[in-house]
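First the structure, in the form of structure tokens, and then the observations on it.
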């Protein structure tokens, strides 16, 4: 979540907040006599005995090593589908579903939730602190989740805030092919150059008129590439060489070529970013093999990168984002004027579409760029 995202619904009155555990997403299922979690693989947690039970399905975070499940939402409880209810109603059945797991000696807990009822920054700060700075949780906390009320399960918006240090990106890492003779790929003694990739849809790749980095086709031959979704070098608009990673020969992480790595940005240098490996995402290797995952999605990676460039502090959750050029949304009294201007701009854009170069003066939030790309 960026500052701009948060500004759209600040103050978050009515939202629910909970902590972000450093686990993996998992769906806990009780069906007939079986209890299991669907995550990066299928984990069997036991049986209910001889008597089959009506299905209960919970959404949450799973710790595979300890086989612990921490629920944050519910899809079905004892055969009753709850997906059309708002979160404020579903949460009541979530605690019941957790008790079903606990009845069969499954290590399960409901995530701690607080309903935000006040817009007072001091009250908000206490609420956020009680979640984020709680020392008694059985797992490490690396952020805060804000859950929107009033929508169905599939349409419930959740927003994740993390401190800058814990804001990480997942990349597909490939060792740079040799003999490319590209100045930007200059070798460094004691390091091996690797290239960082994220996933992108073919439609967005074409719309943004992106190009492959040198050596791309050697790493990803066209015959082995899905045209609908594929890897693209991580190349944010303000730092085109961010996809270069010089991996130290002395690193404890060896043989990283072809793996998905969780990484963080330490600092920006003149020609490249100093990246640090947090861990190898072993839980994502199967997704990588199926061809549907290549690290973070392009849009997600760009938003995370923005949080490095414009850090979103913990205090701003309570006080509201600072340093925003646009203080808030335009009020309704400008609707007619805005509609007329939008019509005129759309007509002009249609006439100049598909030009090699276009300059937009007074760009505002940049919303007309999307219109031009769609023209």
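Numbering (the working numbering), first residue to last: -7 to 367. Beta carbons: idealized from backbone N, C-alpha and C, even for Gly.
To the nearest angstrom, how far is it from the Cα of residue 51 to the Cα of residue 366?
-> In the chain shown, residue 51 corresponds to position 59, counting from 1. In the chain shown, residue 366 corresponds to position 374, counting from 1. Going by the C-alpha atoms only, they are around 37 angstroms apart.
Excluding five sequence neighbours on each side, which residues of the same chain lie with their C-beta closer than 7 angstroms to the C-beta of residue 122?
-> Here residue 122 refers to the residue found at position 130 when the chain shown is read from its first residue. If we look at residue 122 and ignore the five residues flanking it on each side, its Cβ neighbours are 106.
Return the residue from the list 268, 258, 13, 287 that minimises the CA-CA distance to residue 127.
-> Along the chain shown, one-based indexing puts residue 127 at 135. When each option's Cα is compared against that of residue 127, the closest is 13.
If we call anything under 8 angstroms between Cβ atoms a contact, is residue 23 one with residue 47?
-> Start at 1 with the first residue of the chain shown, and residue 23 comes out as number 31. Start at 1 with the first residue of the chain shown, and residue 47 comes out as number 55. Their beta carbons are under 8 angstroms apart, which means residue 23 touches residue 47 by this criterion.
Give the C-beta separation of residue 95 and residue 63 to the nearest angstrom, bearing in mind that I take them to be a contact with Cβ-Cβ under 8 angstroms.
-> Taking the first residue of the chain shown as position 1, residue 95 is located at position 103. Taking the first residue of the chain shown as position 1, residue 63 is located at position 71. Not quite, the Cβ-Cβ distance comes to about 14 angstroms (not below 8 angstroms), so this is no contact.
Where in the stretch 260 to 336 do unbroken runs of the alpha helix (DSSP H), each at least 4 residues long, occur, reported from the N-terminal end onward?
-> 277 to 282, 290 to 301, 307 to 311
Beta-carbon proximity list for residue 76, same chain, < 7 angstroms, skipping 5 on both sides | Taking the chain shown and counting its residues from 1, the one referred to as residue 76 is at position 84. Correct list, in chain order: 144.
Would the beta-carbon of residue 54 fall within 8 angstroms of that of residue 29?
-> As a working note, residue 54 is residue 62 in the chain shown. As a working note, residue 29 is residue 37 in the chain shown. Yes, Cβ-Cβ distance for residue 54 and residue 29 is below 8 angstroms.
Nearest residue (CA-CA) to residue 115, options 189, 333, 268, 307 = Within the chain shown, numbered from 1, the residue matching residue 115 stands at position 123. Ranking the options by Cα distance to residue 115, first place goes to 307.
Could you tell me which residues DSSP pairs with residue 72 in its beta bridges?
-> Sequence index remark: in the chain shown, residue 72 carries index 80 (1-based). Partner(s): 69.
Identify the residues that DSSP records as bridge partners of residue 256: which are they?
-> To locate residue 256, count along the chain shown from 1; it is residue 264. Residue 256 pairs with 268.
Cβ pair residue 135, residue 158 closer than 8 angstroms | To locate residue 135, count along the chain shown from 1; it is residue 143. To locate residue 158, count along the chain shown from 1; it is residue 166. Yes.
7 angstroms Cβ shell around residue 129 - same chain, five flanking residues per side excluded | Residue mapping note: residue 129 aligns to position 137 of the chain shown, counting from 1. These residues qualify, in order along the chain: 11.
With DSSP collapsed to three states, give me the class of residue 17.
-> Residue 17 sits at position 25 when you count from the first residue of the chain shown. Note: residue 17 maps to strand in three-state DSSP.
Neighbourhood of residue 250 by C-beta, 7 angstroms cutoff - its chain only, sequence neighbours within 5 removed | Within the chain shown, numbered from 1, the residue matching residue 250 stands at position 258. Around residue 250: 166.
For residue 349, name the three-state secondary structure that DSSP assigns.
-> Counted from its first residue, the chain shown places residue 349 at position 357. Here residue 349 sits in coil by DSSP.
With C-beta atoms as the reference, is residue 156 less than 8 angstroms away from residue 313?
-> The count along the chain shown starts at 1 and reaches residue 156 at position 164. The count along the chain shown starts at 1 and reaches residue 313 at position 321. Going by C-beta atoms, residue 156 is not nearer than 8 angstroms to residue 313.
Secondary structure at residue 193, three-state DSSP: helix, strand or coil?
-> On the chain shown, residue 193 is found 201 positions in, with the first residue counted as 1. Note: residue 193 maps to strand in three-state DSSP.
Leaving out five residues before and five after residue 120 in sequence, what residues of the same chain have Cβ atoms less than 8 angstroms from its Cβ?
-> Taking the first residue of the chain shown as 1, we reach residue 120 at position 128. Closer than 8 angstroms at the Cβ level, and outside the excluded window around residue 120, lie 9, 136, 306, 309, 310.
Residues bridged to residue 38 [DSSP beta-bridge criterion] | To locate residue 38, count along the chain shown from 1; it is residue 46. Answer is 27.
If you draw a straight line from the alpha carbon of residue 295 to that of residue 252, how long is it in whole angstroms?
-> Looking up residue 295 in the chain shown gives position 303. Looking up residue 252 in the chain shown gives position 260. The straight-line gap from Cα to Cα measures roughly 19 angstroms.
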